[in-house]
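Novice:
Protein chains: 2
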Amino acid sequence: MKILIVGGAGMVGQKLAARLAVDGRLGNQDISELTLFDVVPADQPAAGFRINVATGDISEMSTSAELVASQPDVIFHLAAIVSGEAEADFDKGYRINLDGTRHLFDAVRVIPNYVPRIVFTSSIAVFGAPFPDSIPDDFHNTPLTSYGTQKTIGELLLNDFTRRGTMDGISIRLPTICVRPGRPNKAASGFFSNIIREPLAGHEAVLPVDDSVRHWHASPRAAVEFLRHAATIDGAELGNRRSLTLPGISVTVGEQIEALRRIAGDKVVARIRRQPDEAITQMVSGWPQRFNATRAQALGFKAEQSFDEIIKVHLEDELKGIIR
Amino acid sequence: MKILIVGGAGMVGQKLAARLAVDGRLGNQDISELTLFDVVPADQPAAGFRINVATGDISEMSTSAELVASQPDVIFHLAAIVSGEAEADFDKGYRINLDGTRHLFDAVRVIPNYVPRIVFTSSIAVFGAPFPDSIPDDFHNTPLTSYGTQKTIGELLLNDFTRRGTMDGISIRLPTICVRPGRPNKAASGFFSNIIREPLAGHEAVLPVDDSVRHWHASPRAAVEFLRHAATIDGAELGNRRSLTLPGISVTVGEQIEALRRIAGDKVVARIRRQPDEAITQMVSGWPQRFNATRAQALGFKAEQSFDEIIKVHLEDELKGIIR
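So the sequences go chain by chain: A and B. If you use our numbering, the first sequence corresponds to residues 166 to 489, in order. If you use our numbering, the second sequence corresponds to residues 166 to 489, in order.
As structure tokens, this is what we get:
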């Protein structure tokens, strides 16, 4: 089985690659080759199969054509300009998130008798306020950001191309990934992770919104499981509606902080500095807070059960259990 | 006031142009100039203001740039590859319906301090089965055709570009226009009109689906009123959800035929020949049947009250009241 990860240098792409390298297989098939594509060279995990590293600009049609020429059996399309940057740079967001996605699907389409599974990481940003208390699977898509708009368009293309038999796509709407390791990126949602990760590492973190802000989270470890499951699920079970809202944990920022206090104590919590930011508060007010991920749960997707568990995953996977 | 109609040679574009020519104004402003753009030269109505006729390929970026260089105050974007053709010709549908729409919005976006009202004719094809008995305004978009996918993407782009202040857009989801005058086009929905228009003109019509098929209709005259109203409505009343499902009449094919019988008699109805077509039946089974067009009605959009009225509009506007 050949696998391609578009966006393979990103945080989720790297964790997925590491997991595939350890397993040596996906579903019930051995992996023969893994290609990690990104705008910068991806790190390669040690693996018992061949790993290729490729770089390029996904918004150029020729890039996608080259990437899929070897006809990978499974394509994970994780590449994206994140929400804050797509809002700040209109052209870049559309070029990468819309054109890049469409070119990838088109490059697959024009190869005869080639119908790979494509797992597209969509986002809960496909939804926009006002919301019901808990958002059902069939809530309408009314994104309030360019990023959410671009992800929704990606879902629509995936549905149509899949319906027409040129690919076998699944869009998974990831919760906000928390605790995101490493340096902050330009995602406007970054503070949800910053206020956990930085204090645990001995650093100060800025909280730009009120403690009452509620949001929807899953860990990076859960994200990798979502991707692996989406790659091997029977597409027929999805029918013509190929987009899934994935399970997660709904907590307020205040509840995140109390979970941190239970696990790491007052000293660590004291490293969170409240500094309200009107622009971020405004953007976050349009974000969803809670979902009934009924379809995805019925299809076997699983997330954490509490925010405490999410923090413990971070401690295990990133910090070797050590709190500074 | 300068007005541009993209798709000005089409049936709805021509009727809109004729109405604007008669009125000489739109809302409370005099019309100074009307441009009719299409892939073929549009007929020009006699008018008390200047009318330009332009031709070109809307899928080329330069075409849109030229069209909007004069900064029309209102742009009606009616141009589209219809459902049957967009399904038969994948590339053409995406090129015109997606790229063409995006180029138009982009051409407007890059002109500083230019924020025209753009009225985009979307379609009830943005919805796909399974449906509730009557479809609410906030039903999710799950199109089952490439045409419906492309219209949904157009709506999303319109929402995002409007939110970002580069245009002032409104998407109106027209019911199926019935009775469509003239020759049949490639829309898969053509038979809904054919079975009324052709018998009234003394010709045989083929009915490819069962009498129980229910669908959602409004007349060409109603469509022109929808467009005029959408051009002048206060955009702020729409908030961030710029797509409106418009009112119409929900009738079965059998009810259409009984209305025809009441107005034109058994002799005319006898000209309908039943010839089931599996492909059309299959496609139509995924189409919506009835809507609660609550938002649009509250905003003042009005359609016919019965299918009899729709037939009478056809008799008045197309046949001078004469049944053959």
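For glycine and all other residues, C-beta sits at the position ideal for the given N, C-alpha and C. For clarity, every value in this text was computed on a predicted model and none was experimentally measured.
So with Cβ pairs under 8 Å, would you call ASN324 of chain A a contact of chain B?
Specialist: On the first sequence, position 159 is the one that residue 324 of chain A refers to. It does; some Cβ of chain B falls within 8 Å.
Novice: ILE196 of chain A: which of A:ILE476, A:ASP203, A:ALA183 sits nearest, CA to CA?
Specialist: Your numbering for residue 196 of chain A matches position 31 in the first sequence. The candidate whose alpha carbon is nearest that of ILE196 of chain A is A:ALA183.
Novice: Exposed or buried, HIS394 of chain A, counting other C-beta atoms within 10 Å across all chains shown (16 or more means buried)?
Specialist: Walking along the first sequence from the start, residue 394 of chain A turns up at place 229. Buried, since its Cβ has 16 or more Cβ neighbours within 10 Å.
Novice: Once the 5 residues before and after VAL374 of chain B are set aside, which same chain residues still bring their CB inside 8 Å of it?
Specialist: Taking the second sequence and counting its residues from 1, the one referred to as residue 374 of chain B is at position 209. Correct list, in chain order: PHE356, VAL418, PRO441, ASP442, ILE445, THR446, VAL449.
Novice: Alpha helix (DSSP H) containing LYS432 of chain B: first to last residue?
Specialist: The count along the second sequence starts at 1 and reaches residue 432 of chain B at position 267. That run of the alpha helix (DSSP H) goes 431-434.
Novice: Is SER227 of chain B buried or exposed, if buried means 16 or more other CB atoms sit within 10 Å of its CB?
Specialist: In the second sequence, residue 227 of chain B corresponds to position 62, counting from 1. By the neighbour-count rule (16 or more Cβ atoms within 10 Å), SER227 of chain B is not buried but exposed.
Novice: 8 Å is my cut-off, CB to CB: does ASP303 of chain B come that close to chain A?
Specialist: Translated into positions along the second sequence, residue 303 of chain B becomes position 138. It does: the Cβ of ASP303 of chain B has a partner Cβ on chain A nearer than 8 Å.
Novice: Taking only beta carbons into account, state which residues of the segment 314-339 of chain A come closer than 8 Å to chain B, listed in chain order.
Specialist: Residues THR314, THR317, ILE318, LEU321, LEU322, ASN324, ASP325, ARG328, ARG329.
Novice: Is there a Cβ of chain B sitting closer than 8 Å to that of ARG406 of chain A, yes or no?
Specialist: Along the first sequence, read from residue 1 onward, the residue named residue 406 of chain A stands at position 241. Closer than 8 Å: yes.
Novice: Around the Cβ of GLN283 of chain A, are there at least 16 other Cβ atoms within 10 angstroms (buried) or fewer (exposed)?
Specialist: As a working note, residue 283 of chain A is residue 118 in the first sequence. Going by the sequence as given, residue 283 of chain A is Ile instead of Gln. ILE283 of chain A should be labelled buried.
Novice: By alpha-carbon positions, which one of A:GLU483, A:ARG438, A:HIS368, A:LYS316 ends up nearest to ARG386 of chain A?
Specialist: Position 221 of the first sequence holds residue 386 of chain A. ARG386 of chain A has its Cα closest to that of A:GLU483, out of A:GLU483, A:ARG438, A:HIS368, A:LYS316.
Novice: DSSP on HIS382 of chain A, reduced to helix/strand/coil?
Specialist: Counted from its first residue, the first sequence places residue 382 of chain A at position 217. DSSP places HIS382 of chain A in strand when its eight states are reduced to three.
Novice: So, does the CB of GLY293 of chain A fall closer than 8 Å to a CB anywhere in chain B?
Specialist: Here the question's residue 293 of chain A lines up with position 128 in the first sequence. By this cut-off, GLY293 of chain A is an interface position.
Novice: Would you kindly check if the distance between the Cβ of GLU402 of chain B and the Cβ of LEU464 of chain B is under 8 Å?
Specialist: By 1-based counting over the second sequence, the position of residue 464 of chain B is 299. By 1-based counting over the second sequence, the position of residue 402 of chain B is 237. Contact flag set, yes.
Novice: In three-state terms, what does DSSP make of LYS477 of chain B?
Specialist: By one-based count along the second sequence, residue 477 of chain B stands at place 312. Looking at LYS477 of chain B - three-state DSSP - the assignment turns out to be helix.
Novice: Is VAL275 of chain A helix, strand or coil by DSSP?
Specialist: Indexing the first sequence from 1 puts residue 275 of chain A at position 110. DSSP places VAL275 of chain A in coil when its eight states are reduced to three.
Novice: Please list, in chain order, the chain A residues whose beta carbon lies closer than 9 Å to that of SER227 of chain B.
Specialist: If you number the second sequence from 1, residue 227 of chain B lands on position 62. Simply none; closest approach about 18 Å.
Novice: Run through chain B and tell me which residues come within less than 8 Å of SER311 of chain A, C-beta to C-beta.
Specialist: For the purposes of this step, residue 311 of chain A is taken as the residue at position 146 of the first sequence. Near SER311 of chain A (Cβ distances below 8 Å), the residues of chain B are ASP325, ARG329.
Novice: Identify every residue that forms a DSSP beta bridge with LEU409 of chain B.
Specialist: Counting from 1 along the second sequence, the entry for residue 409 of chain B is found at position 244. Its beta-bridge partners are B:ILE337.
Novice: Alpha carbon to alpha carbon, how far is ALA207 of chain B from ARG274 of chain B?
Specialist: In the second sequence, counting from the first residue as 1, residue 207 of chain B sits at position 42. In the second sequence, counting from the first residue as 1, residue 274 of chain B sits at position 109. Whole-angstrom Cα-Cα distance: 26 Å.
Novice: Taking Cβ positions, are VAL280 of chain A and ASP333 of chain A nearer each other than 8 Å?
Specialist: In the first sequence, counting from the first residue as 1, residue 280 of chain A sits at position 115. In the first sequence, counting from the first residue as 1, residue 333 of chain A sits at position 168. Yes, Cβ-Cβ distance for VAL280 of chain A and ASP333 of chain A is below 8 Å.
Novice: Between THR410 of chain B and chain A, is any beta-carbon pair separated by less than 8 Å?
Specialist: Along the second sequence, one-based indexing puts residue 410 of chain B at 245. No, THR410 of chain B does not count as interfacial toward chain A.
Novice: Rounded to the nearest angstrom, what separates LEU372 of chain B and HIS382 of chain B at their Cα positions?
Specialist: Taking the first residue of the second sequence as 1, we reach residue 372 of chain B at position 207. Taking the first residue of the second sequence as 1, we reach residue 382 of chain B at position 217. Going from the Cα of LEU372 of chain B to the Cα of HIS382 of chain B covers about 17 Å.
Novice: Look at the Cβ atom of ARG438 of chain B, then the Cβ atom of GLU369 of chain B, and state whether they are nearer than 8 Å.
Specialist: Start at 1 with the first residue of the second sequence, and residue 438 of chain B comes out as number 273. Start at 1 with the first residue of the second sequence, and residue 369 of chain B comes out as number 204. For ARG438 of chain B and GLU369 of chain B, yes; Cβs fall inside 8 Å.
Novice: Classify VAL177 of chain A: buried if its beta carbon has 16 or more other beta carbons within 10 angstroms, exposed otherwise.
Specialist: For the purposes of this step, residue 177 of chain A is taken as residue 12 along the first sequence, with counting starting at 1. So VAL177 of chain A counts as buried.
Novice: State the DSSP-derived secondary structure class of VAL171 of chain A, mapped to helix, strand or coil.
Specialist: Numbered from its first residue, the first sequence carries residue 171 of chain A at position 6. Correct three-state label for VAL171 of chain A: strand.
Novice: If you draw a straight line from the C-alpha of SER299 of chain A to the C-alpha of VAL378 of chain A, how long is it?
Specialist: Sequence index remark: in the first sequence, residue 299 of chain A carries index 134 (1-based). Sequence index remark: in the first sequence, residue 378 of chain A carries index 213 (1-based). If I take the Cα positions, the gap works out to 15 Å.
Novice: To the nearest angstrom, how far is it from the Cα of ALA461 of chain A to the Cα of SER235 of chain B?
Specialist: Here residue 461 of chain A corresponds to residue number 296 of the first sequence, with the count starting at 1. Here residue 235 of chain B corresponds to residue number 70 of the second sequence, with the count starting at 1. Taking the straight line from one Cα to the other gives about 50 Å.
Novice: Where do the N-terminal and C-terminal ends of the beta strand (DSSP E) with THR310 of chain A fall, by residue?
Specialist: As a first step, residue 310 of chain A is located in the first sequence; it is residue number 145 there, counting from the start. Segment: none, THR310 of chain A is in no beta strand (DSSP E) and carries neither H nor E.
Novice: Can you give me the Cβ contacts of ILE428 of chain A inside the same chain, cut-off strictly under 6 Å, excluding the 5 residues immediately before and after it?
Specialist: If you number the first sequence from 1, residue 428 of chain A lands on position 263. Excluding positions up to five away in sequence, the list reads ILE476.
Novice: Near ILE216 of chain A, which residues of its chain fall below 6 Å by C-beta distance, leaving aside the five closest residues on each side in sequence?
Specialist: As a working note, residue 216 of chain A is residue 51 in the first sequence. Excluding sequence neighbours, ILE216 of chain A sits near LEU199, GLN209.
Novice: Determine whether the beta carbon atoms of LEU365 of chain B and ARG455 of chain B lie at a separation below 8 Å.
Specialist: The residue you call residue 365 of chain B lines up with position 200 of the second sequence. The residue you call residue 455 of chain B lines up with position 290 of the second sequence. For LEU365 of chain B and ARG455 of chain B, no; Cβs fall outside 8 Å.
Novice: What residue does the alpha helix (DSSP H) around ILE300 of chain B start on, and which one ends it?
Specialist: Numbered from 1 along the second sequence, position 135 holds the residue referred to as residue 300 of chain B. Note, ILE300 of chain B: premise wrong, no alpha helix (DSSP H); not H, not E.
Novice: Using only CA atoms, which one of A:ALA230, A:PHE292, A:ILE487 lies nearest to GLY367 of chain A?
Specialist: Translated into the one-based positions of the first sequence, residue 367 of chain A becomes position 202. The shortest Cα separation from GLY367 of chain A among A:ALA230, A:PHE292, A:ILE487 belongs to A:ILE487.
Novice: Would you mind working out which of B:ALA396, B:LEU201, B:ALA251 sits nearest SER311 of chain B, comparing C-alpha positions?
Specialist: Position 146 of the second sequence, counting from 1, holds the residue named residue 311 of chain B. Here the closest residue by C-alpha is B:ALA251.
Novice: For ARG215 of chain B, does the three-state DSSP call read helix, strand or coil?
Specialist: Taking the first residue of the second sequence as position 1, residue 215 of chain B is located at position 50. Three-state DSSP puts ARG215 of chain B in a strand.
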